[in-house]
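Below: one structure, written as structure tokens.
In the numbering used here, the protein residues as written are 98 to 223.
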């Protein structure tokens, strides 16, 4: 019988562990003000029935699935903000850019939150 190294099993379980930490990550996001603009689930409405200000996190997870360096890139966007001229969420979000959030969240917490977001499964259709 072939044995799988314990490290490989633990690494394979990381996304599931991160995605299973919903309450702690939701509380972190709420305390940092992220939920003012974002929702976990797609289809939420923003002010005046417009698309939400920021993209739904399940959509973010789907868009960046398998993208090398996504966690570092998105953590940087959380901390420093994004350029409104580079917005790639047109039609899905009513906000033009993400403001810098370094005053609202520590970088270590932003990294954890982004890791959790990227581990989310796509929204179920239907």
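Backbone N, C-alpha and C fix where the C-beta goes; we use that ideal spot for every residue, glycine too.
**OP:** Leaving out five residues on either side along the sequence, give the residues of the same chain with a beta carbon under 8 Å from the beta carbon of residue 116.
**Re:** In this prediction, residue 116 scores a pLDDT of 47, lower than 50, which makes its location untrustworthy; the coordinate-derived value is nonetheless stated afterwards. Answer for residue 116: 213, 216, 217, 218, listed in chain order.
Item to check | Identity of the residues DSSP links to residue 190 by a beta bridge | outcome: 187
Q.
Does residue 121 pass the burial test, meaning 16 or more other C-beta atoms within 10 Å, or should it be called exposed?
A. exposed
### Task
Using the Cα positions of residue 137 and residue 127, report the straight-line distance between them to the nearest angstrom.
12 Å
Checklist entry - residue 144 by DSSP, collapsed to three states: which one? => result helix
Could you tell me the alpha carbon to alpha carbon distance between residue 186 and residue 200, rounded to whole angstroms? 24 Å
Using only the alpha-carbon positions, how far apart do residue 183 and residue 168 sit? Those two C-alpha atoms are separated by around 18 Å.
Contact under 9 Å by Cβ, residue 180 with residue 190 = no
- Look at the alpha carbon of residue 111 and the alpha carbon of residue 197, and state the distance between them as a whole number of angstroms. Its pLDDT being 44, under 50, residue 111 is placed unreliably in this model, and the value from its coordinates should be taken loosely. Roughly 28 Å separates the two Cα atoms.
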